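Protein sequences appear in the order of chains A and B. The first sequence: position 145 = 144 (numbering that gives the first Met the number 0), numbered continuously. The second sequence: position 177 = 176 (numbering that gives the first Met the number 0), numbered continuously. Just so it is clear, CB atoms sit at the ideal spot from N, CA and C, and this is done for glycine as well. Everything numeric in this text was worked out from a predicted model, so none of it was measured. Here the structure comes first, spelled out in structure tokens, and everything after it is commentary.
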Amino acid sequence: MGPQPSRRSAVRSPAITRARFLRGALFTGGVVLIGGVPLLSRAPKIVHARRGQSDDEILNFALLIEYLEEGFYLDALSKNALSGELLLFAQEVSAHEAAHVQLLREALGNKARPPPTFGFGDDTNDTQRFASAAVLLEETGSGAYIGQGANLSRSVAVIAARIASVEARHSAWIRDIVGRHPAPHAADPAMTEEEVSAAIRETGYLS
Amino acid sequence: MEDLSLNQFDADGAIDEALHRLFGRSRASFLGSVAFAGGSFFAALATAARAAELGADEIDVLNFDLTFEHLQAGFYNEGLRFGALRHETRSWARVIGAHEQAHVKILSEVLGRRAVKKPFFDYQGVTEDEDAFTKTAVAMEDLTTDLLIGQLKDLRTPGLVSAVFSLLSVEARHAAWVRHVAGVLPVARPLDQAKSLREVSEVIRSTRFMKENPITWAKTAPRFTG
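In structure tokens form, the structure reads like this:
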């Protein structure tokens, strides 16, 4: 494992080359976006974006989320705090996240970021906290893929979609377990890179 | 989950015709360099539509989706109308049906006069039986995720891709939800699969849910160049 990044840089470290390429033409007010496509802005903007250039940055961003999810479930399982369906959920989903990590690492090759170190505190040691955190992690994963899907070149977008679909299933499953609406929207909202980064930062899991 | 697959169907044409349109067409007209804003399915689709720059291939994909959403919306609507469902089943069928109806509405609006007509459906009795209804819902929602993943490679307009991701996420939630209700693992595999429109079309045909060809403008022989 490489040097430990700071919490901020762990989330932020992917170079956003296409955004840099486009920034001068597009953005005001210091808005930083992955891939140069302002997916959540209110006013439509039409930009000429080069394709494929930020695939690696986006995949590495996704990889960070997957590392985090995998680490979270493995930590919870190692603490033996879960039972019943939450235990089943953690067992099943941890295997999925591990497969996602593997797929993204393969896609990235030697550009894949190393796993960061995590600390999950009591969130993996308490049933209620685990369930709430799992909802947050899965929703963040789902929103991130929706937000970035259009910024990927098409073949890579298909890979991302295969993962995104499973993340959404995780979200619905854990929500149903804890008695929350599994599918609260007719169209799921995207999260920007900044929103995803903030959500991860607020968990405090990245050391 | 093989027993939940949609077998015994036969679509006589709507999906097929859309496919012919799709694969019989040159892919030359790309709009690859145009990016749109829009965070949600609705916003993204509406933006793409306002821009009026969807490729012809993309129109065909959207029409395929529209037919499929009609199929789903009709299924839930009929299940609720026939009254054979338990209270618990009705509660999720109502929510998911409303989502599918919303998808129909927005796709129809985006496509405007280019939208295919709503086909006629015969759900072969599965909307009149609690167990068959639930199993069909599982198979249908799982098939939708396969469809949406598979069609991404045919889309060029970023706003549309964004919309498909948003829609995929909802359909995947439906699939997990209904599977959970049905007592099977909500997430059966670490990665969902991509199915081509042709493969999805075959599954729908095997159900015999679609009874009438709503598309009258594509009479040419299929040319599967895709």
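Are the CB atoms of Glu108(B) and Ala72(B) within a distance shorter than 8 Å? Contact flag unset, no.
State yes or no: is the C-beta of Arg89(B) within less than 8 Å of the C-beta of Pro181(A)?
Taking 8 Å as the cut-off, the Cβ atoms of Arg89(B) and Pro181(A) do not count as close.
Worksheet entry | Reference Asp64(B), options Leu106(B), Pro157(B), Arg80(B) and Phe74(B), closest by Cα | Nearest option by C-alpha distance: Leu106(B).
Self-check item: Contact list for Val157(A) against chain B, beta-carbon separation under 7 Å
Solution: Near Val157(A) (Cβ distances below 7 Å), the residues of chain B are Ile148, Leu151, Lys152 and Ala193.
| said: At the level of alpha carbons, what is the spacing between Gly182(B) and Lys134(B)? | reply: A direct Cα-to-Cα measurement between Gly182(B) and Lys134(B) gives close to 11 Å.
Positions along the stretch 127-156 of chain A whose CB lies within less than 8 Å of some CB in chain B: Those residues of the stretch 127-156 of chain A that come within reach of chain B (Cβ to Cβ, closer than 8 Å) are Ser141, Tyr144, Ile145, Gly146, Gly148, Ala149, Asn150, Arg153, Ser154 and Ala156.
Quiz item: Using the rule of at least 16 other Cβ atoms within 10 Å of the residue's Cβ for burial, across every protein chain shown, is Arg85(B) buried or exposed?
Solution: Looking at its Cβ environment, which holds fewer than 16 other Cβ atoms inside 10 Å, Arg85(B) is exposed.
Checklist line | Buried versus exposed, by CB contacts within 10 Å (16 or more), Ser82(A) | finding: An exposed status is given to Ser82(A), since fewer than 16 other beta-carbon atoms sit within 10 Å of its beta-carbon.
(message) Run through chain B and tell me which residues come within less than 8 Å of Val165(A), C-beta to C-beta.
(response) Think of a sphere of 8 Å around the beta carbon of Val165(A): the chain B residues whose beta carbon falls inside it are Ala171, Val186, Arg188, Pro189, Leu190 and Asp191, in chain order.
Measure the alpha-carbon distance for Ser206(A) versus Ala149(A) and round it to whole angstroms.
The straight-line gap from Cα to Cα measures roughly 30 Å.
Q.
By the DSSP assignment, the alpha helix (DSSP H) with Pro157(B) in it spans what residues?
A. If you look at Pro157(B), you'll find it in the alpha helix (DSSP H) that goes Pro157 to Ala181.
Val115(B) versus Val137(B), Asp141(B) and Val103(B), residue with shortest Cα-Cα distance:
The residue from Val137(B), Asp141(B) and Val103(B) with its alpha-carbon nearest to that of Val115(B) is Val103(B).
For Ser170(A) and chain B, any beta-carbon pair shorter than 8 Å? Yes, Ser170(A) counts as interfacial toward chain B.
Check: Below 8 Å between beta carbons: does that hold for Leu58(A) and Val155(A)?
Finding: Their beta carbons are under 8 Å apart, which means Leu58(A) touches Val155(A) by this criterion.
What residue does the alpha helix (DSSP H) around Gly178(A) start on, and which one ends it?
From DSSP, Gly178(A) is part of no alpha helix (DSSP H); its letter is neither H nor E.
Own chain residues within Cβ distance below 7 Å of His69(B), not counting five before or after: Counting only Cβ-Cβ distances below 7 Å, and skipping sequence neighbours, we find Val103, Lys117 and Pro118.
Check your understanding: For Phe120(B), which of helix, strand or coil comes out of DSSP?
Key -> Strand at Phe120(B).
- In chain order, what residues of the same chain have a beta carbon less than 8 Å from the beta carbon of Asp125(A), not counting five sequence neighbours either side? Excluding positions up to five away in sequence, the list reads Ala80.
*Between the stretch 197-212 of chain B and the stretch 160-167 of chain B, are three or more C-beta pairs nearer than 8 Å?*
Contact between the stretch 197-212 of chain B and the stretch 160-167 of chain B is absent: fewer than three C-beta pairs spanning the two stretches fall below 8 Å.
- Rounded C-alpha distance that separates Tyr66(A) from Val169(B): Between Tyr66(A) and Val169(B), the C-alpha separation is close to 24 Å.
Along the stretch 181-195 of chain A, where does the CB come closer than 7 Å to a CB of chain B? Name the residues. Flagged, chain order: Pro181, Ala182, His184, Ala185, Ala186, Asp187, Pro188 and Ala189.
Self-check item: Start-end ranges of the alpha helix (DSSP H) lying completely within the stretch 85-146 of chain B, minimum 4 residues
Solution: Whole alpha helix (DSSP H) segments, 4+ residues: 86-110.
Query raised in the report: Using the beta-carbon count (16 or more within 10 Å), is Asp55(A) buried or exposed?
Result: Asp55(A) is buried by the Cβ-count criterion.
- Query: List, in order along the chain, the chain B residues whose C-beta lies closer than 9 Å to that of Asp175(A)?
  - Reply: Within chain B, the C-beta atoms nearer than 9 Å to that of Asp175(A) come from Ala175, Trp176, His179, Val180 and Pro185, in chain order.
Practice prompt. Report the rounded CA-to-CA distance for Thr206(B) versus Phe129(A), giving the unit in angstroms.
Written response: The straight-line gap from Cα to Cα measures roughly 42 Å.
Worksheet entry | CB contact flag (Arg155(B), Glu57(B), <8 Å) | The criterion of a C-beta distance shorter than 8 Å is satisfied by Arg155(B) and Glu57(B).
Note to self: In this structure, how does DSSP classify Phe67(B) when only helix, strand and coil are distinguished?
What the structure shows: The answer is helix: DSSP assigns Phe67(B) an H, G or I state.
Which first and last residues belong to the alpha helix (DSSP H) in which Val195(A) is found? Run containing Val195(A): Glu192 to Thr202, per the alpha helix (DSSP H) assignment.
Restricting to Cα atoms, I'd like to know which of Thr143(B), Glu87(B) and Val94(B) is closest to Asp130(B).
Of the residues Thr143(B), Glu87(B) and Val94(B), the one whose Cα lies closest to the Cα of Asp130(B) is Glu87(B).
Note to self: Given this structure, state the Cα-to-Cα distance separating Val60(B) from Lys78(A), to the nearest angstrom.
What the structure shows: Distance from the CA of Val60(B) to the CA of Lys78(A), rounded to the nearest whole angstrom, comes to 48 Å.
| Amino acids of chain B, ordered along the chain, whose beta-carbon sits closer than 8 Å to that of Ala61(A) | Contacts between Ala61(A) and chain B, judged by CB atoms closer than 8 Å, are missing: the closest CB pair is about 13 Å apart.
Quick check: Gly140(A) and Thr191(A), are their CB atoms within less than 8 Å of each other? With a cutoff of 8 Å on beta-carbon distance, Gly140(A) and Thr191(A) are scored as not near each other.
Practice task
Please decide whether Ser82(A) counts as near chain B, where near means a Cβ-Cβ distance under 8 Å.
Solution key: Chain B contact via Cβ: absent.
Chain C contact for Arg179(A) (CB, 8 Å cutoff)
In the structure shown, chain C does not exist; the protein chains are A and B.
- Message: Could you tell me the alpha carbon to alpha carbon distance between Gln101(A) and Thr123(A), rounded to whole angstroms?
- Response: The C-alpha of Gln101(A) lies about 23 Å from the C-alpha of Thr123(A).
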